[in-house]
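Before any comments, here is the structure.
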Ligand code: SF4
Ligand code: SF4
Ligand code: SF4
Ligand code: SF4
Ligand code: SF4
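Protein chains in written order, with the numbering used here: chain A, 27 to 983; chain B, 227 to 415.
What follows is the structure, encoded as structure tokens:
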């Protein structure tokens with residue numbers, strides 16, 4: 027029965043919306059996907075390439091198993107899945123209800139869209155008329171304007187309008203009289219009065235005479251749009267389609283700052299050659315306007331010198347944007363690298379930045395790659411631009427000051443601006459209508475410890491609707507949101523779509539295959555516990571393995587520094603211990619695993635060196651659940667049968683480096699210092715001198731990534747020190763402050779409180795000289811150009827995070843670790859929580875360094891993936907899978923190494939080569955690699971393939 | 227100028243100390259991006275660019291601040307204020323430093339101080355500037371014969387072009403007095 031099948035409404039068809047929809051669809055739920063524009067794919071359809079792969083890769087989001095239920099085509103061209111109903115060019119009209127029973131109504135713009143809602147703007151001021159017209163036309167409303175009431179009446183006589191926005195004080199007939207007269211002509215006309223603040227009384231009076239509402243001048247575009255949207259929605263409500271859903275995922279993304287707004291110091295739209303990064307992305311694209319050439323958009327001449335300007339409409343109070351847009355730095359790095367490497371003609375690629383925000387595990391190395399390729403990175407903010415002249419041969423002169431106060435000038439053909447992400451009008455309206463908690467800037471504020479939950483039960487949010495996000499965080503967050511929706515649907519007793527057999531099954535291999543219906547979660551930190559609970563709550567058995575004798579991982583020491591974390595940790599631990607589907611194995615590790623992926627049989631074994639565990643810890647453990655309970659749960663030695671595995675082994679502060687600095691008096695690692703702060707062990711009765719030293723041993727050879735957590739933590743520590751004693755001197759030595767998104771606010775706050783920030787470059791780091799009495803820090807201030815010093819009571823080294831995932835453990839399940847020791851995900855952007863084999867999942871900081879919020883998001887995302895796999899009774903492999911012609915196979919095993927999906931293996935019983943049809947993606951690499959012609963792909967036989975290749979290469983057979 | 231000297235001078239001027247603390251507070255969120263320095267049309271003539279000035283203010287290096295002519299060279303054009311991404315009141319801060327330097331009557335700024343004073347007196351008296359008299363008063367105030375000498379060349383040029391008018395009709399003395407008093411009162415509050 028259809029009405030019992032779980033159904034979720036996804037609003038927004040960008041990356042996050044597609045990801046969430048696909049996750050739900052793959053799990054067997056139905057999705058109603060609404061998108062305002064005329065296609066899905068959002069912003070990403072315009073981006074050809076992503077870092078760090080410098081390719082697109084969006085199609086990697088498509089299902090790996092049950093491939094034939096989705097349409098395996100390029101996602102930038104469209105999305106198709108049996109379980110997803112896609113409605114593009116659709117406006118949401120209303121949404122009411124509660125979890126398990128939401129009523130949504132929406133309308134197709136082609137039958138009764140905004141075209142059907144003509145607006146009349148009446149004002150004697152031309153500037154008001156023109157700007158209103160521009161704002162409304164941009165949103166798709168037909169607009170006419172009138173400079174006087176008389177003209178307005180004329181227009182009303184002849185034309186049909188749904189809404190009229192009128193000024194009150196006008197020469198001749200005033201707005202209130204116009205209101206009465208207009209309603210005589212068109213009784214159902216919605217009228218909004220526009221008034222200066224002083225005349226609000228008149229406006230209120232007008233409402234008594236039938237005006238719908240009023241706007242107080244000066245108004246911002248959003249207020250006007252919201253008002254007109256309201257009228258539009260009321261006007262078309264009767265034609266709208268109504269439907270019911272169980273849960274709602276808000277994935278509307280963000281809009282970009284228009285650089286021509288405000289003072290427009292960079293002359294966007296005025297100076298030829300000033301473009302946005304999106305426009306430049308199109309220029310780089312071979313399918314874009316320039317084709318294979320990189321040419322100036324106006325002069326058509328080849329472009330050789332390009333500058334990138336960061337933080338345009340981000341981190342700028344003057345544009346009302348105190349936050350960082352998170353992604354633009356990496357876009358600039360990618361574009362500059364591509365421009366420099368794809369086009370030899372580009373002699374100068376120069377990025378002007380304030381902090382280069384290369385947070386995350388692959389970004390920093392990618393930026394170094396750009397530097398090596400010859401991209402110049404200049405720490406400077408250019409104040410404004412003037413157009414090129416005859417002397418400069420049309421090139422734009424760019425002037426900046428370097429730290430020493432030296433004036434520099436270079437000429438550029440193109441200047442690429444990085445406009446920031448801002449909440450869009452739809453989001454603002456939705457937040458208001460649904461009364462969602464939002465932050466000061468209008469982004470949805472997630473509930474504490476529930477990264478995808480809004481303040482309204484049953485409505486979840488992901489992507490940039492919750493603050494500026496990059497692809498990686500959006501995709502992770504979207505899958506986490508899908509889990510939340512699944513939980514609502516399960517709670518409402520909804521069913522899955524019955525998994526149908528493919529219409530034609532080519533041979534017996536297409537028979538259904540099932541996974542063992544349980545999960546093994548390795549690591550009992552907050553990531554492992556969150557994943558275990560989520561999987562178990564959906565009705566699957568979970569074995570949770572933890573090598574120490576205590577659950578909680580890093581959150582145990584972190585909890586005092588994060589508001590509410592102690593209660594949260596306690597709740598989670600209790601819930602895990604009490605869950606009847608979770609078996610907790612503490613002081614246990616994984617010994618070995620046998621069986622095939624998806625049908626793993628894994629043996630656990632007690633951890634040998636119990637010496638590390640202190641008596642106090644054992645005591646604490648003993649005061650926990652009753653002894654019988656524990657022994658029943660700790661069934662070590664018994665093999666676990668599981669269909670998915672979640673690696674959540676966590677990580678730790680990167681240990682002391684060879685310099686042994688952290689052993690000296692007065693020098694602490696960030697974690698050690700945090701413990702001092704949390705334990706109130708810092709005596710700041712008299713003002714202290716504290717130096718916080720960022721990136722100590724990070725972002726340099728040996729640990730080539732940014733740990734993402736230490737900058738925000740240092741800011742937190744600095745603010746706490748300043749709260750303890752405002753006269754304490756805190757100096758933060760940094761390379762780039764990594765405060766993406768809304769954490770930028772803490773950065774500003776720290777400056778406000780008088781924390782001093784000193785940038786350094788690797789190679790001229792501040793000098794530490796420690797002795798018994800303390801540590802002397804000396805440095806040269808780059809702006810003052812003077813030697814400075816401080817006798818520090820505390821020097822705190824931000825050492826960053828390393829992963830605890832061992833190669834052996836990852837490889838046991840056919841996954842691997844990357845160069846930095848973290849879990850090697852299938853694709854850092856598109857498949858962030860899984861290995862090539864989607865049955866091997868990872869979350870928390872063994873996956874990537876990140877905050878608690880990110881850890882929780884990845885844990886919930888991994889759980890969603892696990893649940894979606896375990897929930898299917900049977901899988902039907904794709905039609906194009908590889909076979910083995912055993913008679914030809916010499917067991918050379920070349921194909922096993924060649925297969926990127928770990929699909930080929932030797933069956934120990936029969937000693938023959940076999941293919942795991944679920945893992946096999948039909949890529950055909952094995953067929954190309956096999957020297958004996960024993961590897962073949964169904965439906966792709968040799969002769970036609972060779973013919974195609976020869977035809978493509980135009981060579982004779 | 228030494229840090230100790232300036233601290234000594236400030237010791238018995240709590241009002242100025244407060245004024246400086248205010249400037250520091252206003253500038254606290256400066257991110258040293260250098261937009262102000264880049265945009266300032268006078269930066270090329272300054273011994274210290276605006277960014278470095280703010281850094282010195284934030285580092286409490288008043289010795290550096292008051293050894294510099296930077297704030298005296300500020301033309302109050304407001305470009306930096308318009309461009310600063312932190313929206314900081316840079317021109318006001320420059321003016322505040324000017325005021326403190328005036329009030330402290332530091333040797334280094336004697337000439338500027340005398341000039342500004344002569345200028346304002348001139349305005350107060352006539353309601354507009356009478357260049358010839360302004361210069362005469364200024365020269366008297368600096369009490370240094372080398373100063374008038376250095377202006378002779380320019381004076382002759384201006385005369386030749388009829389830009390200097392030795393006799394100018396008076397607009398009536400004393401009209402602006404109350405306005406000046408009011409401004410002084412407000413400043414003191
Ligand atoms: S990511 Fe942040 S710091 Fe980088 S350009 Fe964007 S807003 Fe600026
Ligand atoms: S201190 Fe940590 S978060 Fe900050 S930049 Fe360095 S590695 Fe990244
Ligand atoms: S290499 Fe062969 S077995 Fe592996 S995924 Fe490709 S086609 Fe399938
Ligand atoms: S422009 Fe503003 S933020 Fe930038 S250096 Fe100048 S005062 Fe500081
Ligand atoms: S206001 Fe002063 S400091 Fe600012 S740009 Fe103008 S002259 Fe320079």
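All C-beta atoms in this analysis are idealised placements derived from N, C-alpha and C, irrespective of residue type, glycine included. Please read all numbers here as calculations on a predicted model, not as lab measurements.
Contact belief for residue 1047/A with residue 351/A at Cβ below 8 Å, rounded distance in angstroms: Nothing about residue 1047/A can be reported from this structure: the residues present for chain A run from 27 to 983 only.
Three-state secondary structure (DSSP) of residue 1010/A: Since the displayed chain A opens at 27 and closes at 983, residue 1010/A lies outside it and no answer follows.
For residue 329/B and residue 236/B, the rounded distance between their alpha carbons: For this step, residue 236/B is matched to residue 10 along the second chain. For this step, residue 329/B is matched to residue 103 along the second chain. One C-alpha to the other measures close to 10 Å.
Closer than 8 Å: residue 274/B CB and nearest ligand 5 heavy atom: Here residue 274/B is taken as the residue at index 48 of the second chain, counted from 1. Checking the Cβ of residue 274/B against ligand 5 gives no.
Any non-hydrogen atom of ligand 2 within 8 Å of residue 208/A CB: For the purposes of this step, residue 208/A is taken as the residue at position 182 of the first chain. No, the beta carbon of residue 208/A sits no closer than 8 Å to any heavy atom of ligand 2.
Those residues, in chain order, that have a beta-carbon closer than 7 Å to some heavy atom of ligand 4: 407/A, 253/B, 256/B, 257/B, 258/B, 259/B, 260/B, 261/B, 262/B, 263/B, 276/B, 277/B, 280/B, 306/B, 309/B, 310/B, 311/B, 312/B, 314/B, 316/B
Cut-off 8 Å between Cβ atoms - residues of its own chain near residue 401/A, not counting five sequence neighbours on either side: The residue labelled residue 401/A in the question sits at position 375 within the first chain. Result list for residue 401/A: 359, 362, 363, 366, 375, 376, 377, in chain order.
Ligand 5 heavy atom lying under 8 Å from the CB of residue 298/B: In the second chain, the residue the question calls residue 298/B occupies position 72. No, the Cβ of residue 298/B stays beyond 8 Å of every heavy atom of ligand 5.
Own chain partners of residue 288/B with C-beta closer than 6 Å, once the 5 adjacent residues on each side are dropped: To locate residue 288/B, count along the second chain from 1; it is residue 62. Result list for residue 288/B: 232, in chain order.
Below-9 Å beta-carbon distance, residue 433/A vs any chain B residue: The sequence position of residue 433/A within the first chain is 407, counting from 1. So yes, residue 433/A belongs to the interface.
Distance cut-off 8 Å: residue 900/A Cβ against heavy atoms of ligand 1: Translated into positions along the first chain, residue 900/A becomes position 874. Incorrect: residue 900/A has no Cβ contact closer than 8 Å to ligand 1.
Residue 949/A Cβ short of 8 Å to ligand 1 heavy atom set: On the first chain, position 923 is the one that residue 949/A refers to. Residue 949/A: no, Cβ never under 8 Å from ligand 1.
Near ligand 2: residue 733/A beta-carbon under 8 Å from a heavy atom: The residue you call residue 733/A lines up with position 707 of the first chain. Under cutoff, so the answer is yes.
Test: residue 344/A CB closer than 9 Å to a CB of chain B: What you label residue 344/A is simply residue 318 of the first chain in a count that begins at 1. Yes, residue 344/A lies at the interface with chain B (some Cβ there is under 9 Å from its Cβ).
Under 8 Å from the C-beta of residue 259/B: neighbouring residues of chain A: Along the second chain, one-based indexing puts residue 259/B at 33. Simply 380, 406, 407.
Within 9 Å, strictly: CB atoms of residue 241/A and residue 250/A: For the purposes of this step, residue 241/A is taken as the residue at position 215 of the first chain. For the purposes of this step, residue 250/A is taken as the residue at position 224 of the first chain. Yes, Cβ-Cβ distance for residue 241/A and residue 250/A is below 9 Å.
Nearest-angstrom Cα separation, counted from residue 357/B out to residue 448/B: Shown here, chain B extends from 227 to 415; a query on residue 448/B therefore has no answer.
In chain order, each alpha helix (DSSP H) run of at least 4 residues that lies wholly inside the segment 277 to 364 of chain A: 303 to 310
Uninterrupted beta strand (DSSP E) stretches inside the segment 268 to 341 of chain B (no shorter than 3 residues): none
Same chain, Cβ closer than 6 Å to residue 324/A, five either side skipped, listed in chain order: On the first chain, residue 324/A is found 298 positions in, with the first residue counted as 1. Here the set comprises 298.
Completely contained alpha helix (DSSP H) runs for the segment 705 to 752 of chain A, where each covers 4 or more residues: 736 to 750
C-alpha gap between residue 976/A and residue 317/A, whole angstroms: By one-based count along the first chain, residue 976/A stands at place 950. By one-based count along the first chain, residue 317/A stands at place 291. In a straight line, the C-alpha of residue 976/A is about 27 Å away from that of residue 317/A.
Residue 279/A: CB within 8 Å of a non-hydrogen atom of ligand 1: Taking the first residue of the first chain as 1, we reach residue 279/A at position 253. No, the Cβ of residue 279/A stays beyond 8 Å of every heavy atom of ligand 1.
Nearest neighbour of residue 889/A, chosen from 270/A, 556/A, 42/A, 837/A [CA to CA]: As a working note, residue 889/A is residue 863 in the first chain. Nearest of 270/A, 556/A, 42/A, 837/A to residue 889/A, Cα basis: 556/A.
Classification of residue 530/A by the beta-carbon crowding that lies within 10 angstroms, buried from 16 upward: Here residue 530/A refers to the residue found at position 504 of the first chain. Caution applies to residue 530/A, whose pLDDT of 48 falls short of 50 and renders its modelled position unreliable; the model cannot decide the point.
Assigned exposure category for residue 748/A - 16 Cβ within 10 Å defines buried: Translated into the one-based positions of the first chain, residue 748/A becomes position 722. It counts as buried.
Spatial distance of residue 452/A from residue 743/A (CA atoms): Residue 452/A sits at position 426 when you count from the first residue of the first chain. Residue 743/A sits at position 717 when you count from the first residue of the first chain. Going by the C-alpha atoms only, they are around 37 Å apart.
Where the segment 241 to 259 of chain B meets chain A: residues whose CB sits under 8 Å from a CB there: 254, 255, 256, 257, 258, 259
Cβ shell of residue 282/A (< 6 Å), same chain only, five flanking positions each side left out: In the first chain, the residue the question calls residue 282/A occupies position 256. Cβ neighbours of residue 282/A beyond the five flanking positions: 445.
Proximity test, residue 786/A beta-carbon vs ligand 2 heavy atom, cut-off 8 Å: The residue labelled residue 786/A in the question sits at position 760 within the first chain. No; taking the cut-off as 8 Å, the Cβ of residue 786/A has no heavy atom of ligand 2 nearer than that.
Beta carbon proximity, residue 28/A to chain B, threshold 9 Å: Position 2 of the first chain, counted from the start, is the residue given in the question as residue 28/A. Low local confidence applies: a pLDDT of 45 at residue 28/A is under 50, so the model's placement there is unreliable, with the coordinate-based value given in what follows. So no, residue 28/A is outside the interface.
As assigned by DSSP and simplified to three states, the class of residue 258/B: Counting from 1 along the second chain, the entry for residue 258/B is found at position 32. Residue 258/B: coil per DSSP, three-state reduction.
Nonlocal neighbours in the same chain, by C-beta distance under 6 Å from residue 855/A, ignoring five residues either side: In the first chain, the residue the question calls residue 855/A occupies position 829. Same-chain partners within the cutoff: 76, 497, 498.
C-beta atoms of residue 407/A and residue 260/B nearer than 9 Å: On the first chain, position 381 is the one that residue 407/A refers to. On the second chain, position 34 is the one that residue 260/B refers to. Yes. Within cutoff.
Helix, strand or coil at residue 1/A [DSSP, three-state]: Because chain A spans 27 through 983 in this model, residue 1/A falls outside it and cannot be assessed.
Residue 303/B classed as buried or exposed, judged by whether at least 16 other C-beta atoms fall within 10 angstroms: By one-based count along the second chain, residue 303/B stands at place 77. Its Cβ having fewer than 16 others within 10 Å, residue 303/B is exposed.
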